[in-house]
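Asker: One structure follows; several queries about it will come next.
6 protein chains.
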Amino acid sequence: MKIITQLMKSSSRGVFLKPVLKPLLLGSARSMSADVTSKYNFETLKVTQPKEFVTQVEMNRPKKLNAMNKAFWSEMRTCFQQLNSDSDCRVIVLSGAGKVFTAGLDLTDLDTVAVMQSDLDPSRKAFMIRGTIADYQETFTVIEKCTKPVIAAIHNACIGGGIDMTSACDIRYATQDSFFQIKEVDIGLAADVGTLQRFPKIVGNDSLVRELIYTARRFHSDEAKEMGFVSRIFPDKESMLTGAMDIAEIIASKSPVAVQGSKVSLVFSRDHSVREGLEHVAVWNQGMLQSEDVMKAVMAGMEKKTPKFSKL
Amino acid sequence: MKIITQLMKSSSRGVFLKPVLKPLLLGSARSMSADVTSKYNFETLKVTQPKEFVTQVEMNRPKKLNAMNKAFWSEMRTCFQQLNSDSDCRVIVLSGAGKVFTAGLDLTDLDTVAVMQSDLDPSRKAFMIRGTIADYQETFTVIEKCTKPVIAAIHNACIGGGIDMTSACDIRYATQDSFFQIKEVDIGLAADVGTLQRFPKIVGNDSLVRELIYTARRFHSDEAKEMGFVSRIFPDKESMLTGAMDIAEIIASKSPVAVQGSKVSLVFSRDHSVREGLEHVAVWNQGMLQSEDVMKAVMAGMEKKTPKFSKL
Amino acid sequence: MKIITQLMKSSSRGVFLKPVLKPLLLGSARSMSADVTSKYNFETLKVTQPKEFVTQVEMNRPKKLNAMNKAFWSEMRTCFQQLNSDSDCRVIVLSGAGKVFTAGLDLTDLDTVAVMQSDLDPSRKAFMIRGTIADYQETFTVIEKCTKPVIAAIHNACIGGGIDMTSACDIRYATQDSFFQIKEVDIGLAADVGTLQRFPKIVGNDSLVRELIYTARRFHSDEAKEMGFVSRIFPDKESMLTGAMDIAEIIASKSPVAVQGSKVSLVFSRDHSVREGLEHVAVWNQGMLQSEDVMKAVMAGMEKKTPKFSKL
Amino acid sequence: MKIITQLMKSSSRGVFLKPVLKPLLLGSARSMSADVTSKYNFETLKVTQPKEFVTQVEMNRPKKLNAMNKAFWSEMRTCFQQLNSDSDCRVIVLSGAGKVFTAGLDLTDLDTVAVMQSDLDPSRKAFMIRGTIADYQETFTVIEKCTKPVIAAIHNACIGGGIDMTSACDIRYATQDSFFQIKEVDIGLAADVGTLQRFPKIVGNDSLVRELIYTARRFHSDEAKEMGFVSRIFPDKESMLTGAMDIAEIIASKSPVAVQGSKVSLVFSRDHSVREGLEHVAVWNQGMLQSEDVMKAVMAGMEKKTPKFSKL
Amino acid sequence: MKIITQLMKSSSRGVFLKPVLKPLLLGSARSMSADVTSKYNFETLKVTQPKEFVTQVEMNRPKKLNAMNKAFWSEMRTCFQQLNSDSDCRVIVLSGAGKVFTAGLDLTDLDTVAVMQSDLDPSRKAFMIRGTIADYQETFTVIEKCTKPVIAAIHNACIGGGIDMTSACDIRYATQDSFFQIKEVDIGLAADVGTLQRFPKIVGNDSLVRELIYTARRFHSDEAKEMGFVSRIFPDKESMLTGAMDIAEIIASKSPVAVQGSKVSLVFSRDHSVREGLEHVAVWNQGMLQSEDVMKAVMAGMEKKTPKFSKL
Amino acid sequence: MKIITQLMKSSSRGVFLKPVLKPLLLGSARSMSADVTSKYNFETLKVTQPKEFVTQVEMNRPKKLNAMNKAFWSEMRTCFQQLNSDSDCRVIVLSGAGKVFTAGLDLTDLDTVAVMQSDLDPSRKAFMIRGTIADYQETFTVIEKCTKPVIAAIHNACIGGGIDMTSACDIRYATQDSFFQIKEVDIGLAADVGTLQRFPKIVGNDSLVRELIYTARRFHSDEAKEMGFVSRIFPDKESMLTGAMDIAEIIASKSPVAVQGSKVSLVFSRDHSVREGLEHVAVWNQGMLQSEDVMKAVMAGMEKKTPKFSKL
């Protein structure tokens, strides 16, 4: 007891609190006016803010068919971690520049292949490989950890890693001409960055899921819609992006406390029993129901006005 | 060892068993002839027995659009706990009186709002709020704990708490004109009485689930059917209730030991691994396969007769 | 959207909040001055408040060796549910009146035995028996659900149900002359109200645990201490109660938000992985660190004073 | 330390390794040329190898409508355990000989019924019954434990145990005239060999699942397709078997390391959280990515050739 | 419906039940009189029945220090599976013939080593190795699955696999001169047949557990007792076997329904949350409380006689 | 298929593998010769390599009693992440410079306090606080994620965060004069960086655990040893460091594949059922048993030499 209290004597309440708080709170204020592109400066991703509180993340290696190279695996992670604490962002639309959404893993740019081919002792290789897999898994898990809803807007090819990635998104829209391929068995491996874990929990036809995984055959937008992998089909990329932005705008207009709490609870509940999910959301809401957003939303509802929510 | 045996000396087997047993067994016998409405006397619910072993629970505040007020949250819990041990009830049909199924939470009648608005210390508010949420959660969890199948018969509006409630039912039927709304983000909060836990485990289109939750938009009977939330659409309320009663009657004619064991196992298995679910049903059936119902059912099958099962 | 907003029109914010809030907050205020004995009026339990915020619950059928009869199973549940929301109670000491702590289950007063002996169909008996077991389990689980620490003060015999009950307590103290017996196999059954679940997770010698359970042999205070079931031995009942009260008083002087949050997290974490336990306490504390108690405690520490915490 | 090293002195590295290895490796080599029918000699099953690496298992009691008798429950287990380690088998097609796929449990040939009817003490019956249930459950769980994909090709009736069995398969195809019935409540029991555990996790319409289970009503191929239980409908048995063989051939042409790793991960991930599933596949692939199949597959892809994979 | 009933017509109730039942029930009757040694005929194990209902399993390769060779891994599994359904066995004492309890894995007799050394593709080796590990794990898991309590009586060396094996037993006794060694890191591997899973859940000093595992140092009987791995120390092997037999005899005199139900619940509860453990034992006891043993035990208790329980 | 193969055409196998591999493998080679202190340059930590493969991490703010400030929370994380992939490190000894091990949280240097005191909306505060807690939790979880064993060498005061930190270590040694305090309730909060999750799973006396947590009283080295929190007591800091280094040296001499695999399995198994732990270690070892270390270790054992293992 003595030790702690001695440590504290030298500082009075007023002194140590104020200076710390200021930059902390200003920080988020300043971020509002900052230019989104300068904040998010990536080689493989283009980040823009087409509407208030709506961020678009575009995979941006069109000449390489947005294949996932080493820079991508690292930048995606950084990008979504940053978006997670950016109060100007409430919803994210994830799309691909150029002709296709993504061709998946860029096999020309992988350390793992080098490790696999080396003469190292198998157990030492294994430690290295596990490290890389864990890193790549985290790249897509950050999409899920990011508390803001992520809408994948898919056109043309969505292959291999593209399925892993979009399975970690909240909502999937696609163009009429889009097609999908769970490619991994074709390159001699079991998918290991999320498809086998998330894809079957998203759709309602396990028989089809397994056929697609074991055969690596293509499936098209209509089959994807019927099985519940995507929820809307649009005639082309442009109309899809418009549609995605419209939904994004609606979500962005809601209380971010409510929307992000919903995502946290949905992700938690998918992986736990109903009872555990209920306990979790009760503990979550014991704090969150004290939000000013509840009263703002209720009042606005009564007055038939659109509420404006503070940044989060 | 001594203590227990001494306690017992004073009573002989014959003496202490008989008197206890009689009222216990008569109790369930008497309940058979009792008038169901007098047994189930509620302000917000109307309970009737349209067919043998079939109970109808009707939300009964039509002028308030069956909005869920404090009395409702408490009465539902009591009602289903009572039905759970009522041997005259084998199936429950849950419907709404008046124009709509339910408008959801009655915001005009909530203690929680008062707590939220008070000047209490945030941690003390949190303890209070958690208590209330836990109580409300229990109100719908009793539907699931009740071992008898519950059929929700939904017409017109089913909003907010209505989704939480019907997600805890076994079977959902709806009228052509019905519509649904996961309303919670519109009042500034993450749904906390079951929708986020149960709804996504019921249907097979997670992309759509999340769109509906984040946007709070309405969806209609056909979309509800397509996504697997309801399994039958009827032209109107009357035909739906007839249809629900017909199915209820069929279920009521089956062995209650078999049907209720199936529900217990289904609910358990949803929340556990397949292996755990198998172990559970094996332990359950090691006792239940000794039921007279098995031989009754098999014999009736061979003789092409309809078996009659004892009360449970 | 319309429906909810229409419902709300008729009430303005000021109107519906105020009247609800008043009794709610007064309620907890009034409970402070109320006489504890009149609030807790039981046949088998005596409830007193020996010190501020410290409640003593005494099993009170000394002539029957505090054997657990039907009234006890019901009253314990009610008592601890009530204590859980009583802001005058921060710690509970659970003891037994008379010569022994408890002789365990009162076999002369059990419906279950009657059911077992009846001619009912085995599956129908099973449904009845499961109901009773679940009720009895809940009687001790409420000790764990009650967020206030419970100290068991054990003297002389602690048999059968006594082990189940004290295993659900937080802290166990015992007198030198105390002895314990996991009696259940001696009456032909596997213990089913908590010993087999909680006891092995409390102590650190599974080999001994199983010997005690399979043989139903007595073990004494020193063995109980050595294996980690009790943490302190006192010469006699009087000194033990004094010791228990002293510890209870210390706990009662701490922030109830901190102490009760700790219990909630301990119970949760015992049953979950470390990772899940960490996530749970993070969600818990995101609200609870906003408590006034934190600053009160820190300030008091710096000023070397004893903080006074508001009721919870 | 001494003890082990002494044990080892007597054998030098070269000596003890070689002789052991030879038969072990030859063993799998020899199995290649062996006649599949002589290896798999069963009373109730006919096992053939219509294509390289494709095994067909046909239930073969057409006069008894392929009803599941005692021999069947035992032979299925043996058959799939054997197939699991047969390197000539990479995919399995499971079908039924004669007019129907299967009529389910053969009630005329069951020990359990005898046990149920006996005068044994209920607890002793329970131990016996649990043993039998566990055995029967294992009969279908081996389909899931077998790392090779299993395609069920269903025609006409698929009743009772047929649902339990096909729910444990990976892919389900059916003929236009096929119908299904979760029969168990009609014989007075809750299904206990897998339907209640696996069926609801396969499809995306829980409302319909429960209706089918509680009513035991038949459902037909189109309803089965719509709810996601089967993924393809064929006009008749012949075209279905051709279709199933075509898919089987495609799967058999892929890397068995990749396909079987995918099945292992899919089954594991169904029963665990996404995070746990990801950790599992990372540990799995830390070894498996060292497979020669990866480079073979990648090289073949680049050269637009079909790779040939070694036996597994 | 038709199909099943047609199947049944040809057999009447009386006909199909009787003949099946007889051998089934006689089977267990006959086993009683059979000579235990002829029933349990093993190369590496000696099985005797020193007292009624008490079976002794002795590892019996004294010249090889009871090292675990291929025959052992297979015979242990068979032996305990057989004991599990042998109604003459209610408790098992597991001991070692000769100078030591066991030297652990017999490295001179292992296929795995051959596989490890071969030129096979690493992924194909991995499939083979996993099969062997799974088999060896099952060898000790059967000790746990066997519902009868198993007492390990350890003298002198208990090394490597000996720790894995005894960690799967219920109770561990040891001689004063016994010593233990978690040997695996010394042969270059992480223990994989149970020590890392079971050992830390048995004792109450995780710091010591990890020191022992990482250093592979010996620890002696007193340290084993202090940390809670063994619960009794005896001066020598003879006195230990006498002590173990005495405890075994006591356990054998109790209701086997009660004792074996306790073991099932203990094993289940170790691996589940308290809540799940409680639900499991409630479902278990809903059938088991109908046992004649309950009344026999209670009556015997009242009359201060020793009850005699039927075989199980 | 086309897309991927096209991507690959431009690179031949030899070309893309070699250049990538070289720096990767050289990287780990170079790290060997690098000066450890220059690699690990921290403000609050001093990192040295007293023996080959043994790293010492010393908390290094002696004037501040090694209180945990913002820099510390960040540097610890970085330090252990770096050590995790440093092949020169096989074991870590964690100690404190100066008079005490650590005084715990540095309350004078915390953003969280500022946030707590601000006027922000409670739900927005909650999001911020949760972020900070999660970061701090990760600081100690990295100790557990680091696959190398960590030995805590504790002298004098180990308070608050010190308990959280050492509970995440593998082995705990302490000096005679050391004392411990689970301080958190004294500053008004439930411990939230690991104590409530890990501490009770380490020791075998839950009654004492809860007394210490609820009262925040100090406990001394002997009580810590008796309850199993520390496993060795040394007379003073110097002898303790010598003792810790000796054990560290022994561990460092073992196969790192074996030791680190053991840690991974121990941590996994603590949080899963025995069955899941066994499956996990089987999948782990299917790759790791192919390690050269196994044969090296076995050969060295037979030849009574000390094996030398390659870097990992």
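For the record, the sequence lines run as chains A, B, C, D, E and F. Counting with our numbering, you get residues 19 to 330 for the letters of the first sequence. Counting with our numbering, you get residues 19 to 330 for the letters of the second sequence. Counting with our numbering, you get residues 19 to 330 for the letters of the third sequence. Counting with our numbering, you get residues 19 to 330 for the letters of the fourth sequence. Counting with our numbering, you get residues 19 to 330 for the letters of the fifth sequence. Counting with our numbering, you get residues 19 to 330 for the letters of the sixth sequence. Glycine included, C-beta positions come from ideal geometry on N, C-alpha and C.
1) Taking 8 Å as the threshold (beta carbon to beta carbon), is C/T126 in contact with chain E?
2) Can you list, in chain order, the residues of its chain with a C-beta nearer than 8 Å to that of A/K314? Leave out the 5 residues immediately preceding and following it.
3) Using a C-beta to C-beta distance shorter than 8 Å, which residues of chain A count as neighbours of D/N167?
4) With which residues is E/Y191 paired in a DSSP beta bridge?
5) Any beta carbon of chain D sitting closer than 8 Å to that of E/P253?
6) Determine the closest residue to D/C176 out of D/N59, D/K329, D/A85, D/M263, with distance taken between C-alpha atoms.
7) Since I believe D/M306 is in contact with D/P68 (beta carbons under 8 Å), could you give me their beta-carbon distance rounded to a whole number of angstroms?
8) Using a Cβ cut-off of 8 Å, which residues of the stretch 295-312 of chain E contact any Cβ in chain D, in chain order?
9) If contacts are defined as beta-carbon pairs under 8 Å, then B/I169 and B/I268 qualify, I think. What distance do you get, rounded to the angstrom?
10) From E/M77 to E/F119, what does the alpha carbon distance come to, in whole angstroms?
11) For E/F197, list the residues DSSP reports as bridge partners.
12) According to DSSP, simplified to helix, strand and coil, what is E/T120?
13) Distance, Cα to Cα, A/R108 vs A/G261?
14) Quick one: grab the DSSP three-state call for B/T73.
15) On the three-state DSSP scale, how would you describe A/G180?
16) Below 8 Å, can you find three or more Cβ-Cβ pairs linking the stretch 244-252 of chain B to the stretch 184-197 of chain B?
17) Determine, for D/G114, whether the minimum Cβ-Cβ distance to residues of chain A falls below 8 Å.
18) Determine the contact status of D/N13 and A/I151, defining contact as a CB-CB distance below 8 Å.
19) Indicate the three-state DSSP secondary structure (helix, strand or coil) for F/G206 in the structure shown.
20) Counting only Cβ pairs nearer than 7 Å, list the residues of chain A close to F/V275.
21) How about E/V312 and C/L214: are their beta carbons less than 8 Å apart?
22) Would DSSP call B/T159 helix, strand or coil?
23) B/V65: which of B/N174, B/T96, B/V203, B/L330 sits nearest, CA to CA?
24) Nearest-angstrom Cα distance between D/E156 and D/A318?
25) What I want to know is whether the C-beta of C/S280 ends up closer than 7 Å to one or more non-hydrogen atoms of the ligand COA.
26) Under the DSSP definition of a beta bridge, which residues are partnered with B/S113?
27) Compare the C-beta of F/F223 against all C-beta atoms of chain C and say whether one is closer than 8 Å.
28) What residue from A/L83, A/V75, A/E93 has the CA that sits closest to A/E61's CA?
29) Within 8 Å (strictly less), CB to CB, does D/Q155 reach chain B?
30) With 7 Å as the C-beta to C-beta threshold (strictly closer), list the residues of the stretch 312-329 of chain E near chain D in chain order.
Answerer: So, from the listed chains and residues:
1) As a position in the third sequence, residue 126 of chain C is number 108, starting the count at 1. Output row for C/T126: interface = no.
2) On the first sequence, residue 314 of chain A is found 296 positions in, with the first residue counted as 1. S273, P325, K326, F327.
3) Sequence index remark: in the fourth sequence, residue 167 of chain D carries index 149 (1-based). Inspection of the sequence shows that residue 167 of chain D is occupied by Pro rather than by Asn. R228, Y232, listed in chain order.
4) Stepping through the fifth sequence from its first residue, residue 191 of chain E is reached at position 173. The partner list for E/Y191 (beta bridge, DSSP) reads E/A171, E/R250.
5) For this step, residue 253 of chain E is matched to residue 235 along the fifth sequence. No - not a single Cβ of chain D is within 8 Å of the one on E/P253.
6) Against the fourth sequence, residue 176 of chain D aligns to sequence position 158. Comparing Cα-Cα distances from D/C176 to each of D/N59, D/K329, D/A85, D/M263, the minimum goes to D/A85.
7) Position 50 of the fourth sequence, counted from the first residue, corresponds to residue 68 of chain D. Position 288 of the fourth sequence, counted from the first residue, corresponds to residue 306 of chain D. D/P68 to D/M306, Cβ: 29 Å. No contact.
8) G305, M306, Q308, S309, E310, D311
9) By one-based count along the second sequence, residue 169 of chain B stands at place 151. By one-based count along the second sequence, residue 268 of chain B stands at place 250. B/I169 to B/I268, Cβ: 11 Å. No contact.
10) Within the fifth sequence, residue 77 of chain E is the residue found at index 59, counting from 1. Within the fifth sequence, residue 119 of chain E is the residue found at index 101, counting from 1. In a straight line, the C-alpha of E/M77 is about 8 Å away from that of E/F119.
11) Residue 197 of chain E sits at position 179 when you count from the first residue of the fifth sequence. Beta-bridge pairing links E/F197 to E/A175, E/H238.
12) The residue labelled residue 120 of chain E in the question sits at position 102 within the fifth sequence. DSSP places E/T120 in strand when its eight states are reduced to three.
13) Taking the first residue of the first sequence as 1, we reach residue 108 of chain A at position 90. Taking the first residue of the first sequence as 1, we reach residue 261 of chain A at position 243. Roughly 17 Å between the two C-alpha positions.
14) Here residue 73 of chain B refers to the residue found at position 55 of the second sequence. DSSP places B/T73 in strand when its eight states are reduced to three.
15) Within the first sequence, numbered from 1, the residue matching residue 180 of chain A stands at position 162. Note: A/G180 maps to helix in three-state DSSP.
16) yes
17) Residue mapping note: residue 114 of chain D aligns to position 96 of the fourth sequence, counting from 1. No - not a single Cβ of chain A is within 8 Å of the one on D/G114.
18) Shown here, chain D extends from 19 to 330; a query on residue 13 of chain D therefore has no answer.
19) Counting from one through the sixth sequence, the residue named residue 206 of chain F turns up at place 188. Three-state DSSP puts F/G206 in coil, outside helix and strand.
20) For this step, residue 275 of chain F is matched to residue 257 along the sixth sequence. By Cβ distance, chain A contributes S141.
21) The sequence position of residue 312 of chain E within the fifth sequence is 294, counting from 1. The sequence position of residue 214 of chain C within the third sequence is 196, counting from 1. Not in contact: E/V312 and C/L214 (Cβ atoms no closer than 8 Å).
22) Taking the second sequence and counting its residues from 1, the one referred to as residue 159 of chain B is at position 141. Of the three classes helix, strand and coil, the one that applies to B/T159 here is helix, per DSSP.
23) Start at 1 with the first residue of the second sequence, and residue 65 of chain B comes out as number 47. Ranking the options by Cα distance to B/V65, first place goes to B/T96.
24) For the purposes of this step, residue 156 of chain D is taken as the residue at position 138 of the fourth sequence. For the purposes of this step, residue 318 of chain D is taken as the residue at position 300 of the fourth sequence. Per the coordinates, the alpha-carbon of D/E156 lies some 40 Å from the alpha-carbon of D/A318.
25) Only the bare structure without any ligand can be found here, which leaves the ligand COA out of the picture.
26) Looking up residue 113 of chain B in the second sequence gives position 95. DSSP output for B/S113 lists B/E76 as bridge partner(s).
27) Against the sixth sequence, residue 223 of chain F aligns to sequence position 205. As written in the sequence, residue 223 of chain F is Asn, which differs from the Phe given in the question. Yes, its Cβ sits closer than 8 Å to a Cβ of chain C.
28) The residue you call residue 61 of chain A lines up with position 43 of the first sequence. The shortest Cα separation from A/E61 among A/L83, A/V75, A/E93 belongs to A/E93.
29) Start at 1 with the first residue of the fourth sequence, and residue 155 of chain D comes out as number 137. At least one chain B Cβ lies under 8 Å of D/Q155.
30) Those would be S328, in chain order.
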